[in-house]
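So the sequences go chain by chain: A and B.
Going by the working numbering, 260 is the number at position 260 of the first sequence; the sequence numbering is gapless.
Numbering-wise, the working numbering comes out as the position in the second sequence, counting from 1, plus 498.
Don't be surprised by glycine CBs; every beta carbon is placed ideally from N, CA and C.
Protein chains: 2
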Amino acid sequence: MGSAYEALNTRLRDVHNLGMAGAVLDWDQQCYMPPGGVAARADQKATLSKLSHELFISDETGRLLAQAEADGGETEDDQAILRVVRRDYDKATRLPTALVEEKTRVTSLAQEEWAAARQADDYGRFAPWLERILDLCRREAEALGYADRLYDALLDLYEPGMTCAQIDPIFGELRSELIPFSQALFARADCVDGSCLTRDYEIDVQNAYTVDLLKNCGYDFRRGRQDKAVHPFCTHFSKNDVRITTRFDKNYLPSSVFASMHEMGHAFYEMGLADHLEGTPASGGASLGLHESQSRLWENMVGRSIEFWKKRYTGLQSTFPASLGDISLEGFYKAINRVAPTLIRVEADEVTYTLHIILRYEMEIELLEGKLSVADAPEAWNARMQELMGVTPPNHREGILQDVHWSIGILGYFPTYSLGSVLSAQIYDAALREIPDLPQRIEDGDCASLLNWLVENVHRHGRKYLPGEVIERATGSQLQTAPYLRYLKSKFGAIYGV
Amino acid sequence: MGSAYEALNTRLRDVHNLGMAGAVLDWDQQCYMPPGGVAARADQKATLSKLSHELFISDETGRLLAQAEADGGETEDDQAILRVVRRDYDKATRLPTALVEEKTRVTSLAQEEWAAARQADDYGRFAPWLERILDLCRREAEALGYADRLYDALLDLYEPGMTCAQIDPIFGELRSELIPFSQALFARADCVDGSCLTRDYEIDVQNAYTVDLLKNCGYDFRRGRQDKAVHPFCTHFSKNDVRITTRFDKNYLPSSVFASMHEMGHAFYEMGLADHLEGTPASGGASLGLHESQSRLWENMVGRSIEFWKKRYTGLQSTFPASLGDISLEGFYKAINRVAPTLIRVEADEVTYTLHIILRYEMEIELLEGKLSVADAPEAWNARMQELMGVTPPNHREGILQDVHWSIGILGYFPTYSLGSVLSAQIYDAALREIPDLPQRIEDGDCASLLNWLVENVHRHGRKYLPGEVIERATGSQLQTAPYLRYLKSKFGAIYGV
């Protein structure tokens, strides 16, 4: 390999390390930083981002990249890394610096305004900011470029290669299947009693229990740790330092248990990277959707399955005898899978979650393309909630003002949550084809079989392939809804007798 | 103020922020990082140091600095900041990059070899590395420049403006006073029984107690926190995020209590910086000696005083009733001030600590100037220990191999520990002149009077003045031994009846 490629990698290693340092500063801010540190921390993070961005978009990076491309990558990995860098470099350099700076400035103010507007349930206060953000997103999409729809340019930032043309039929099918299905479940609400989960669960005991659960699932505490955060997240500073956070609610056990398992799924992805890709531009997950597929797979397909709890439930019962002593395995399993109409996305169950996402996806496109005005948006939100879920938000706080995403200027992000859910089932099915006794293994305490399969087929590749390529390699086909719909209908049909 | 000064400050703000980010990475590594993270963390820290160094020593920084100096600083602060930057810039640019890189490489290997040599009690293994390090330090000193002695150039790195010519008479006097004084105390060892301190002290209870103690002394947990670390330290990421760490030994109460108070003293210095110097090159402490004066003042002059415990001791007793219930205030006060011959510096009491430092100071100069050979050094160490303390180390592990400093190439650092002790008494005396009832206030739980005086006279200036200027402003005179010797003789004379 010529020296241009080596010089490029040395340069990109600095960019990578600045990003990792920024991630440590973020982790600290969310887990341990005293309140007084906030102003200086913002300044420190701004310096790291600025230096990293300048280093990456510099002409020298472009020159080395072009030279390395001309030389041709020596190995398949080298070639893959050059493709990744080219994609990132083009995206980063297509955006004019002035636009990036304006967006940073506007969204930082808009986020404050959104928080105040949500607090006061005052959509009118947020509306002019949403208008400005939509304008910025349109200019961003134009600068990035797209073949078909404006929205595709934004989608591509989070889910490389994904387009509306691919999502529309998928979400269309989910919409038409899940509306009647969820209504049928709602009608049989009496079948499931979730009240045992809101009893008393000592927080220290929850913490110790989730740590044991993570260890039991194969999360390696020599290469990670679990801390407490208001909004649980996973972060990594290398494949050997991948940390998760969780939250604790004394009167709602699933808060910690399933946040821990969800973030563990994200962590497994980062921990499973091939050693030789560590620290390179091909490290990290292939897309947000693929990342979410791993978290949902462990949270839902494993963590909320009957197999997982069959032999583990007595341990949980003896950890919380006063709250679960009188609850059978069956009762617990049903409780953690209770389905109900929800106004708030982050509180939604597996079935209705996707309906929340479809609402946002449809509205984002209409707003971006000017088919829906900012003024009419709240009404459109409420009407769509009625159509999708059969409920109407009593206020905007529980309606259009509930999510932070638009205020920070990230449109095109929401769909990745549901793409992740759809993918989780498709990937689990592929694993099941190769390991037919997977449920039994999970029941017997063997999570390693599934994890090893995921490492081999998904994790180790990092960003080396485009998400579509990873999915094809792992499952033998492109993104499909069938496994996901089959999973939801079979599991929840059985629980609710539908 | 001309734009060169502003451009310079913008540039130096990035340098500052890279340093602060590096400090967060260090803090995390010592407090929370899982073992797997170590390799990537070294790489991340190397990137931050490299980029910060490159940015600082660049020709552009030099050009802006020269232009800003030519324009002249508008305010007194501007002028002070330009002086600080000029000092730092000249120091940083005088060292050839090749020398810096060689030292980094050699000391990183030397530290490993030192650790192995210490473990095996094998001085011969470390000797060739010490030889190389002395050579590097000589070249470093030559590159940095000095008026009188080679050692002055190194001293100046940690204690700007300090020279052997100033230290020699100070350490000479301490030597001739403290050898007979400590021997007189050793002879009356029976006067003090320290055994109550090695009873059982639950670690969780120690933690809660030290947190309360810190709060009681005025350490603001909204602007800091206390964590556990193997080697206690204080670090800051801004004046509003100054963190300390402490250690806990279930069978030695002073470990945590006095480490917490020591680090609190360091923290107060950083927290007391004037707001307008925050984030500028004039932030941080004026020197290591001045920093140490603050930690020793709070640890020893306050924390090990009878006044401090008079009304607080019953609280400590009721926190550890089984271990301290039968110990009087007087007994406790004597126990925390027990003096004894020690082989290990970090375990030494207030009186003998300085003898350990004098030994190192004298040997460092002789080694650097070639008056003592590396081969003869262990014997010289042992002979000097016998002369200073009346004991001879039974092995090199407890002798010449005990400290990490030489292996990491920092000569000229040790003296600052004792300069700090000397200064702590001089500064406390100055405060006492202005607040004559200070001991009574401390007894009554008012630490704020002392702290406010220190903020006003020492802390707020940061690095704006040279250490000698700060001392002169705060105490009305240059560094003096009299207050320190008076303090030691009066306090320990009373305890031991000497």
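Whole-Å CB distance - residue i paired with residue j, under 8 Å assumed
i	j	result
A/Ala80	A/Ala4	Not a contact, Cβ separation roughly 17 Å.
A/Leu495	A/Val192	Reading the sequence as shown, one finds Ile at residue 495 of chain A and not Leu. Going by Cβ atoms, the distance from A/Ile495 to A/Val192 rounds to 7 Å, so yes, they are a contact pair.
A/Asp241	B/Gly535	3 Å
B/Ala765	B/Tyr717	6 Å
A/Val351	A/Phe492	6 Å
B/Trp904	B/Ile665	Rounded, the Cβ-Cβ distance is 18 Å, inconsistent with contact.
A/Gly279	B/Ala538	7 Å
B/Ile863	B/Cys662	7 Å
Chain B contact for residue i (CB, 8 Å cutoff)
i	result
A/Gln30	no
A/Thr75	no
A/Asn240	yes
A/Val24	yes
A/Asn9	no
A/Phe237	yes
A/Gly224	yes
A/Gly462	no
A/Asp43	yes
A/Met20	yes
A/Asp446	no
A/Gly37	yes
A/Asn17	yes
A/Glu6	no
Cβ of residue i within 8 Å of any chain A Cβ
i	result
B/Met799	no
B/Ala538	yes
B/Gly777	yes
B/Pro532	yes
B/Phe766	no
B/Ala772	no
B/Ala833	no
B/Gly813	no
B/Asp512	yes
B/Met499	Confidence at B/Met499 is low in this model, with a pLDDT of 45, below 50, so the placement of that residue should be treated as unreliable; the coordinate-derived value is given next. So no, B/Met499 is outside the interface.
B/Asn950	no
B/Arg984	no
Beta-ladder partner(s) of residue i, from DSSP
i	result
B/Val740	B/His734
B/Asp725	B/Thr743
| said: Which residues of the stretch 686–719 of chain B have a Cβ closer than 7 Å to any Cβ of chain A? Give them in chain order. | reply: Phe719
| request: Please determine if the stretch 272–279 of chain A and the stretch 448–467 of chain A are in contact, where contact requires at least 3 C-beta pairs separated by less than 8 Å. | output: yes
| message | Counting beta carbon pairs with one atom in the stretch 786–801 of chain B and one in the stretch 908–917 of chain B, are three or more of them shorter than 8 Å? | response | yes
| field | Cβ contact (3+ pairs, closer than 8 Å) linking the stretch 807–826 of chain B and the stretch 644–652 of chain B | value | no
| task | Report yes or no: do three or more beta-carbon pairs, one from the stretch 707–725 of chain B and one from the stretch 22–42 of chain A, lie closer than 8 Å? | result | yes
| Proximal residues, the stretch 45–60 of chain A versus chain D, C-beta separation under 7 Å | The displayed structure is made up of protein chains A and B, and chain D is not among them.
| query | Contact between the stretch 792–808 of chain B and the stretch 543–552 of chain B: three or more CB pairs below 8 Å? | reply | no
| Would you call the stretch 107–119 of chain A and the stretch 401–409 of chain A touching, i.e. three or more CB-CB distances under 8 Å? | yes
| query | Contact between the stretch 195–214 of chain A and the stretch 246–254 of chain A: three or more CB pairs below 8 Å? | reply | yes
| field | Stretch pair the stretch 463–480 of chain A + the stretch 78–94 of chain A: three plus CB contacts closer than 8 Å | value | yes
| Is there contact here, the stretch 116–132 of chain A with the stretch 366–383 of chain A, by at least three beta-carbon pairs under 8 Å? | yes
| message | Contact between the stretch 837–853 of chain B and the stretch 674–692 of chain B is defined here as three or more beta-carbon pairs at a separation below 8 Å; is this criterion met? | response | yes
| message | Would you call the stretch 940–949 of chain B in contact with the stretch 633–641 of chain B, where contact means no fewer than 3 C-beta pairs closer than 8 Å? | response | no
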